[in-house]
Amino acid sequence: MSLPLGAFWMKYTLMINEGPYQRQSSDTALHFARAVLAKGHEVIRVFFYHDGVNNGTRLSVPPRDDRQIQQAWSDLAKAHSLDLVICIAAAQRRGITDAKEAKRQGLDTDNLLEGFRISGLGQLIEGSVEADRTLVFGG
Amino acid sequence: MAMLHIVNKSPFERTAFESCLKHISVGDSVLMIEDAVVGAMQNTRFSAHIEQALQESSVYVLSGDLAARGLSQERIISGVTAVDYEGFVDLTVECDTTQSWL
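Chains as they are written, first to last, in my numbering: chain A, 1 to 139; chain B, 1 to 102.
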């Protein structure tokens, strides 16, 4: 590559529209996010939309020798202080809920994984405005 | 304004790849990821489209996704460049914008 690497750093917003274990895009986005961070760039927001909200459940129990996709996002968020945002409307349809919303809806439990938060589509727009690059994965 | 076009669907399954190649501008880059990597192989009914695109654009393929499908880099179309995730990131930096053809 001809670019003088490290000469400037970029801010990224990632949008993920596909669930874990659905096809490949959640894995692709994880690999890409790790590579972005390894190069010293910044991931300012990861926005999970459509079936992508299923990346944020803490009740998934994959076989031990399989990829632990949801946990991998959570771990990456913890290691790099990432802002993982789940679309509230998409989450409500798919049964992804935090404690506050579960209480409001009278549900008997919540299932949002540590490192994720639930918010609105405005977070995607804001992230795209503030980022140098916005990439869409899945769908 | 160079754009990086990211394609993730096989050209033998969906028409997104073909649509992408019809929309690219001179100097743009195309990156094949996920199932789209089969589009990089020589001697398919799609390879002429890639060879045409190579005349005015740069074309890349994600090496890990080739390997995951048992496809050898030795069989990709001449002029197509294999990149890893680090190279993928560099492409997004070099190009001004990105477009995912989903």
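Note that CB positions come from ideal geometry on N, CA and C, so glycine has one too. As the structure is a prediction and not an experimental result, all values here were calculated from the model.
Query - Given Ser81(A) as reference, the closest of Tyr21(A), Arg34(A), Gln22(A) and Ala102(A) once Cα atoms are compared - result: Translated into positions along the first sequence, residue 81(A) becomes position 81. The residue with the shortest Cα to Cα distance from Ser81(A) is Arg34(A).
**Report entry** Residues of the stretch 25 to 49 of chain A with Cβ closer than 8 Å to any Cβ of chain B, in chain order
**Finding:** Within the stretch 25 to 49 of chain A, the qualifying residues are Ser25, Thr28, His31, Phe32, Arg34, Ala35, Val36, Ala38, Lys39 and His41.
Query - Inter-residue spacing [alpha-carbon to alpha-carbon] between Ser58(B) and Glu42(A) - result: The residue you call residue 58(B) lines up with position 58 of the second sequence. The residue you call residue 42(A) lines up with position 42 of the first sequence. One C-alpha to the other measures close to 26 Å.
**Report entry** Contact set for Ser19(B): own chain, Cβ-Cβ below 8 Å, skip 5 residues either direction
**Finding:** As a working note, residue 19(B) is residue 19 in the second sequence. So the qualifying residues of the chain are Trp101.
Query - Rounded distance between the beta-carbons of Gly19(A) and Gly40(A), thought under 8 Å - result: Locating residue 40(A) in the first sequence gives position 40, counting from the first residue. Locating residue 19(A) in the first sequence gives position 19, counting from the first residue. So it is not a contact: roughly 30 Å between Cβ atoms.
**Report entry** Spatially closest choice to Val38(B) from Gln52(B), Gln55(B) and Val61(B), by CA coordinates
**Finding:** To locate residue 38(B), count along the second sequence from 1; it is residue 38. For the residues Gln52(B), Gln55(B) and Val61(B), the minimum Cα distance to Val38(B) belongs to Val61(B).
Report task. Could you tell me how far apart the beta carbons of Ile69(A) and Tyr21(A) are, in whole angstroms, since I believe they sit closer than 8 Å? Result -> Counted from its first residue, the first sequence places residue 69(A) at position 69. Counted from its first residue, the first sequence places residue 21(A) at position 21. That belief holds up - the Cβ atoms of Ile69(A) and Tyr21(A) are roughly 7 Å apart, short of 8 Å.
Query raised in the report: Between Val85(A) and Ser72(B), what straight-line distance do the alpha-carbon atoms span, to the nearest angstrom?
Result: Taking the first residue of the first sequence as position 1, residue 85(A) is located at position 85. Taking the first residue of the second sequence as position 1, residue 72(B) is located at position 72. Those two C-alpha atoms are separated by around 38 Å.
Report task. Label Gln138(A) either buried or exposed according to how many other C-beta atoms from any shown protein chain fall within 10 Å of its C-beta, with 16 as the threshold for buried. Result -> Within the first sequence, residue 138(A) is the residue found at index 138, counting from 1. The identity of residue 138(A) in the sequence shown is Gly, whereas the question assumes Gln. The residue in question, Gly138(A), is buried, as its Cβ has 16 or more Cβ neighbours within 10 Å.
Requested in this report: Return no unless some Cβ of chain A is closer than 8 Å to the Cβ of Ile24(B).
Outcome: Numbered from its first residue, the second sequence carries residue 24(B) at position 24. Closer than 8 Å: no.
**Report entry** Where Arg104(A) falls, given that 16 or more other Cβ within 10 Å makes a residue buried
**Finding:** Stepping through the first sequence from its first residue, residue 104(A) is reached at position 104. By the neighbour-count rule (16 or more Cβ atoms within 10 Å), Arg104(A) is not buried but exposed.
Query - Candidates Leu54(B), Leu66(B) and Lys9(B): closest to Ser25(B) by CA position - result: The residue labelled residue 25(B) in the question sits at position 25 within the second sequence. Ranked by Cα distance from Ser25(B), the options Leu54(B), Leu66(B) and Lys9(B) are led by Leu54(B).
Query - Straight-line Cα distance separating His5(B) from Gly27(B) - result: As a first step, residue 27(B) must be located in the second sequence, where it is residue number 27. As a first step, residue 5(B) must be located in the second sequence, where it is residue number 5. Put simply, the backbone Cα of Gly27(B) is about 11 Å away from that of His5(B).
Query raised in the report: In chain order, what residues of the same chain lie with their CB nearer than 6 Å to the CB of Ala16(B), ignoring the 5 residues before and after it?
Result: Residue 16(B) sits at position 16 when you count from the first residue of the second sequence. Excluding positions up to five away in sequence, the list reads Lys9 and Trp101.
Query raised in the report: Between the C-alpha atoms of Asp84(B) and Ser63(B), what's the straight-line distance to the nearest angstrom?
Result: The sequence position of residue 84(B) within the second sequence is 84, counting from 1. The sequence position of residue 63(B) within the second sequence is 63, counting from 1. Asp84(B) and Ser63(B) have their C-alpha atoms some 5 Å from each other.
Report task. Would you kindly report the start and end of the unbroken beta strand (DSSP E) that includes Arg64(A)? Result -> Here residue 64(A) is taken as the residue at index 64 of the first sequence, counted from 1. Per DSSP, Arg64(A) is not a residue of any beta strand (DSSP E), being assigned neither H nor E.
Report task. Give a yes or no on whether the minimum CB-CB distance between Gly139(A) and chain B is below 8 Å. Result -> Numbered from 1 along the first sequence, position 139 holds the residue referred to as residue 139(A). So, interface residue.
Query - Option nearest Asp27(A) by Cα separation, candidates Trp73(A), Leu107(A) and Asp110(A) - result: Taking the first sequence and counting its residues from 1, one reaches residue 27(A) at position 27. With distances taken between Cα atoms, Asp27(A) lies closest to Trp73(A).
Query raised in the report: Between Ser2(A) and the rest of its own chain, which residues show a CB-CB distance below 6 Å, the 5 nearest in sequence each way excluded?
Result: For the purposes of this step, residue 2(A) is identified with residue 2 of the first sequence, where counting begins at 1. The pLDDT assigned to Ser2(A) is 49, lower than 50, so where the model puts this residue is not dependable, and the model offers no usable value.
Query raised in the report: Using the beta-carbon count (16 or more within 10 Å), is Asn43(B) buried or exposed?
Result: Translated into positions along the second sequence, residue 43(B) becomes position 43. An exposed status is given to Asn43(B), since fewer than 16 other beta-carbon atoms sit within 10 Å of its beta-carbon.
Requested in this report: For Leu124(A), count neighbouring Cβ atoms within 10 angstroms of its own Cβ and tell me buried if that reaches 16, exposed if not.
Outcome: The residue labelled residue 124(A) in the question sits at position 124 within the first sequence. With a 10 Å radius around the Cβ and a threshold of 16 neighbouring Cβ atoms, Leu124(A) comes out buried.
Report task. Leaving out five residues on either side along the sequence, give the residues of the same chain with a beta carbon under 8 Å from the beta carbon of Pro115(B). Result -> The structure shown has nothing for residue 115(B), since chain B only spans 1 to 102.
Query - CB contact check: Arg67(A) to chain B, cutoff 8 Å - result: The residue labelled residue 67(A) in the question sits at position 67 within the first sequence. The beta-carbon of Arg67(A) is placed no less than 8 Å from the nearest beta-carbon of chain B.
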